[in-house]
Amino acid sequence: MRTLISGVALIAIAVGGVFYGTYQTLDPCRALAQEMADDTLGGIAERPMRMITSQYSTNECVEGLWERWTDFSS
Numbered sequence: 289m290r291t292l293i294s295g296v297a298l299i300a301i302a303v304g305g306v307f308y309g310t311y312q313t314l315d316p317c318r319a320l321a322q323e324m325a326d327d328t329l330g331g332i333a334e335r336p337m338r339m340i341t342s343q344y345s346t347n348e349c350v351e352g353l354w355e356r357w358t359d360f361s362s
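Just so we're aligned: 300 in our numbering is position 12 of the sequence shown, and the numbers increase by one with no gaps anywhere.
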């Protein structure tokens, strides 16, 4: 049982590390703003996108990121 819990904890730490390494934050709304900015003008648009995502709940930001990560049509 201890091995299972340790394994799950290590996977969670690894996923968090990859997320942090990609976005330099653990805040899903800032990560979503960065994704949205990359789709438009890049780094220049990150501040306006953060203003937009500041109105979202954490759950809405997570859902937005999930939709972007799983949308393979583009």
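Where is the CB? At the ideal position from N, CA and C, for every residue including glycine.
Keep in mind that this is a model prediction, so the values were computed, not measured.
Reduced DSSP secondary structure (H/G/I, E/B, other) of residue i
i: residue 344; result: coil
i: residue 307; result: helix
i: residue 294; result: helix
i: residue 289; result: coil
i: residue 358; result: helix
N- and C-terminal bounds of the alpha helix (DSSP H) containing residue i
i: residue 324; result: 316 to 327
Residue i burial status per 10 Å Cβ neighbour count (16 or more: buried)
i: residue 339; result: exposed
i: residue 341; result: buried
i: residue 337; result: buried
Do the segment 346 to 354 and the segment 314 to 326 make contact, defined as three or more Cβ pairs closer than 8 Å? Yes: the two stretches touch, three or more of their Cβ pairs being nearer than 8 Å.
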